[in-house]
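Here the structure comes first, spelled out in structure tokens, and everything after it is commentary.
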Amino acid sequence: MIQTVPLMAGLVGLSGFQFLLVASQFALVLSVLVLLLIWWVEWRNDRVW
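Residue numbers (the working numbering): 24 to 72.
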């Protein structure tokens with residue numbers, strides 16, 4: 024993983040790599056929020072797994 028980071032940065036350029044980094048962080052945060060939303064809806068319906 025660590026060795027592929029400079030390769031990817033050189034491949035897509037620094038601005039593209041920064042965009043990729045921000046997009047992956049955003050996708051991670053969004054998936055956590057969706058999971059929390061699903062858990063909250065299930066909790067309100069008394070069906071917590």
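Glycine included, C-beta positions come from ideal geometry on N, C-alpha and C.
>> Please state the DSSP three-state secondary structure of residue 70.
In response: Locating residue 70 in the sequence shown gives position 47, counting from the first residue. Residue 70 falls in the coil class under three-state DSSP.
>> Could you compute how far the alpha carbon of residue 60 sits from the alpha carbon of residue 52?
In response: Counted from its first residue, the sequence shown places residue 60 at position 37. Counted from its first residue, the sequence shown places residue 52 at position 29. Whole-angstrom Cα-Cα distance: 12 Å.
> Taking DSSP as the reference, what is the three-state secondary structure of residue 24?
Replying inline: Here residue 24 corresponds to residue number 1 of the sequence shown, with the count starting at 1. Since pLDDT at residue 24 reaches only 48, below the 50 mark, its modelled position is unreliable, and no value is offered.
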